[in-house]
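Trainee:
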Amino acid sequence: MRIKDILSTESMIMDLKATNKEDAIKEMAELEVATGIVNNEDEFIKSIWARENESTTGIGGGIAMPHARNEYINKARVLFAKSTAGIDYNSLDGAPVNLFFMITAPAGADNTHLQALAKLSGLLIDPKLVEALKAATKPEEVIDLFEKAETAKDEADAAAKAKREAEKADVVAKTEEKPLIVGVTACINGIAHTYMAQEALIKAGEKRGIEVRIETNGSEGVKDKLTPEEIKRAVGVVIASDKKVDMPRFDGKRLTNHPVVDGINKPDELIDAIMNQTTGVYHSDASESESATETKQGVWGSIYKNLMSGISHMLPFVIGGGILMAISFIVENYAGGPKSPAFIFLNSAGNLSFAFMVPILAAYIAESIGDLPALMPGLVGGYMASIVNVQGGVQVNVQANATSPAGFLGGIAAGFIAGYLMLGLKKAFSKMPKSVEGMKPMLIYPILGLLLIAAIMFYIVNPIFSSLNLAISHFLNGMGTANLAVLTAILAGMMSIDMGGPFNKAAYVFASGAFANDPHSATAAVLMASVMVGGMIPPFATAIGTTFFKNKYTADERRAGISNWILGFSFITEGAIPFAAADPGHVIPSCVLGSAVSGALVGLWHIQVPAPHGGLWVSPLANHILLYFLATIIGSIVAALVLSFWKKPVEK
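Take the sequence shown: its position 468, counting from 1, is numbered 468 in UniProt numbering, and each next residue is one higher.
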């Protein structure tokens, strides 16, 4: 399929009327509906914004490529739109966007459509084509420009392929062949960025006389897969990916690892890093970095990454199980009591989900560290941390009279221990003969991994953390009102420090961990309420400020403030991040203050919300619904007033 088959003169806007990002997307979406490409405008726009919220599709150089692939799209098509004045699209380089390519692909789009989309994305790396498109005045010119560019690229690709074949056949010339760099590019959706990064890296190599081979992992799966021979011959590896990549095959190679946008915008830097040997050597057994500074940064960075890997896999179990259990409490109190079938069903489903929480947490922390062989030891270690000794059955603790599981903290310990145990086993058995290599994943790793993690959990982790977990539970449940208010103020304030970052996650994990250890604990429900109100304050504060103090905020901020009413109601703190990024000195302290005030009120009033998520949508579960709303409102107003009076008016 040729590019002209996914372009059409009816899907072109040569003079875009919109002056901002929201209106531009809507104007293009309206044309998609009018031409029959899209069958549901609202849902299509939602899917476009869902992709934009992951990372902007304004790739720089005056180009934006909003894209979607779902059931609301009838046909693969590229809508072309041009804005002469340019539109602020939050592009990666901060420059206005003049050229828009809205890429649509139906859920069942075949590979030929996707290949055409990939080729179009690759052509846009050529600055001459981009300038010609900016100068085009008629739809027919746009199609003609792409047709000529595609023909030229096909001819160049054919010539390059013929040259590679000739070089392969010429054994004598092999000693004089160009240096080879291999790599992988991949983005979350895999429609545009994947192929643009591939094209940019190849061109950067050509300028330096370097052969570059890039494997892509896009919507149609892995293409141009690297061969073992190519990897072996390569002088280094460039990874430009937002997805997990098959890494062990690159063991022993110089490697640089970056997001896919760096492959598009910084291809020269990535190629030079390999050729100048300023990158480290990748080892699949996670051996130490070559630089002490890199090792120190890598340790803390990897701890956070590995912990977040476990938590991200665990959260669906916490949220799903917690909400169902919370609903079951409503049924118990108002619709049938503890023996009603509805209560028994909902409570059982919630408890079953909670039973997997700590094992899943530990398993995926371990898997993030030691790859697949560490998953089983991590899962078993997490399960051992989540239960207490069962008389006449399972014994997981050397303390036969243990009354408390190691719990959430023990599960975290199990995950890290299992992961690093597996790295140690890999290193210990790295010198085994190749003839018995298959024994490691099928025999050595499972047996020794299980034996070691079980022994460590049984004799060390569970005795320590079960006692610690019991002490924490007694401490929390025995806290007086004043001390509880201090704790809830701190937790709520932490939710606003980085709005989704490490402080925010630490507060949420502490509260949800206490709730998971004992969902019936009144104190745990108070802690959940405190982090919930703390996380709602930033979006609510910015929504209030942009509504009542319009002269203190830009037009874009006022538009974003509207959506923050819903985000705040839903406990989505990240809605305030654009405000914090633009003016951290005013936004963050104001929000921390407002969150701390609301958290203190939760502790003073003993507001309980036995649910791990939901914001004000789960207010029916609160023991004091009106006070729950009041604490949120007071904290939001405090933050909004401090912020809005503190900020200077926007200069027109």
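For every residue, glycine included, the Cβ atom is placed at its ideal position computed from N, Cα and C.
1. Taking 7 angstroms as the cut-off, does the CB of Gly545 come closer than this to any heavy atom belonging to the ligand SAM?
2. Report buried or exposed for Asp262, applying the criterion of at least 16 other Cβ atoms within 10 angstroms of its Cβ.
3. Ignore the nearest five residues each way along the sequence and tell me which others in Tyr72's own chain have a CB closer than 8 angstroms to its CB.
4. Would you decide whether Glu215 is buried or exposed? Buried here means 16 or more other CB atoms lie within 10 Å of its CB.
5. Is the separation between the beta-carbon of Gly236 and that of Thr279 shorter than 8 angstroms?
6. Report buried or exposed for Gly614, applying the criterion of at least 16 other Cβ atoms within 10 angstroms of its Cβ.
7. Between which two residues does the alpha helix (DSSP H) holding His586 run?
8. Is the number of C-beta pairs between the stretch 378 to 387 and the stretch 456 to 473 that are closer than 8 angstroms three or more?
9. Report all residues from its chain with a CB closer than 7 angstroms to the CB of Glu140; omit the five preceding and five following residues, and keep chain order.
10. Give a yes or no on whether the C-beta atoms belonging to Val182 and Ile125 are separated by under 8 angstroms.
11. Nearest-angstrom Cα distance between Ala135 and Leu641?
12. Closer than 7 angstroms by C-beta to Pro446: which residues in its own chain qualify, once you throw out the five before and the five after it? Chain order, please.
13. Can you tell me where the alpha helix (DSSP H) holding Ile360 begins and where it ends?
14. State the DSSP-derived secondary structure class of His283, mapped to helix, strand or coil.
15. Pair every Cβ in the stretch 582 to 589 with every Cβ in the stretch 628 to 638, then say whether three or more of these pairs are closer than 8 angstroms.
16. First and last residue of the beta strand (DSSP E) that includes Ala640?
17. So, with DSSP's three-state summary, where would you put Leu425?
18. Pick out whichever of Leu643, Ser570, Val531 and Gly535 has its Cα sitting closest to the Cα of Lys550.
19. Between Ser368 and Ser309, is the Cβ-Cβ spacing less than 8 angstroms?
20. Looking at Met325: is its Cβ nearer than 8 angstroms to the Cβ of Ala516?
21. Identify every run of the alpha helix (DSSP H) within the UniProt domain "PTS EIIB type-2" (181 to 276), keeping only runs that are complete inside it and at least 4 residues long; order them along the chain.
22. So, Pro612 versus Thr573, is the Cβ gap smaller than 8 angstroms?
23. For Asn483, does the count of other Cβ atoms within 10 angstroms reach 16, so buried, or fall short, so exposed?
24. Using three-state DSSP, classify Phe571 as helix, strand or coil.
25. Hey, how far is the Cα of Asp23 from the Cα of Phe416?
26. Span of the beta strand (DSSP E) holding Phe458?
27. Below 8 angstroms between beta carbons: does that hold for Leu425 and Gly449?
28. State buried or exposed for Lys253, treating a residue as buried only when at least 16 other CB atoms are found within 10 Å of its CB.
29. For Val509, which residues from the same chain have a beta carbon less than 7 angstroms from its beta carbon, with the 5 sequence-adjacent residues on both sides left out?
30. I think Pro373 touches Met439, with their Cβ atoms under 8 angstroms apart; what is that distance to the nearest whole Å?
31. Drop a sphere of 10 angstroms on the beta-carbon of Met442, count the other beta-carbons inside from all chains shown, and report buried for 16 or more, exposed for fewer.
32. In the DSSP output, which residue or residues are listed as bridge partners for Asn70?
33. Among the candidates Met532, Leu307 and Val602, whose CA atom is the shortest distance from the CA of Ser512?
34. Alpha carbon to alpha carbon, how far is Ile456 from Ala286? Give it in angstroms, no decimals.
35. Whole angstroms is fine: what's the gap from Pro341's alpha carbon to Ile323's?
36. Please confirm if the stretch 200 to 213 is in contact with the stretch 149 to 158, defined as three or more CB-CB distances below 8 angstroms between the two stretches.
Mentor: To lay it out plainly:
1. Looking for the ligand SAM in the displayed structure turns up nothing, as the structure carries no ligands at all.
2. buried
3. Val38, Asn39, Asn40, Glu43, Phe44 and Ser47
4. buried
5. yes
6. buried
7. Pro584 to Trp605
8. yes
9. Thr9
10. no
11. 48 angstroms
12. Met376
13. Met357 to Gly370
14. coil
15. no
16. It is not in any beta strand (DSSP E) - Ala640 instead sits in the alpha helix (DSSP H) that spans Ile625 to Trp646.
17. helix
18. Leu643
19. yes
20. no
21. 193 to 207, 228 to 233, 260 to 265 and 267 to 275
22. no
23. exposed
24. coil
25. 48 angstroms
26. Here Phe458 belongs to no beta strand (DSSP E), and DSSP marks it neither H nor E.
27. yes
28. buried
29. Ile311
30. That pair is no contact at about 12 angstroms.
31. exposed
32. Pro106
33. Met532
34. Residue placement at Ala286 is flagged as unreliable, the pLDDT there being 48, under the threshold of 50; the coordinate-derived value follows with that caveat. The straight-line gap from Cα to Cα measures roughly 22 angstroms.
35. 18 angstroms
36. no
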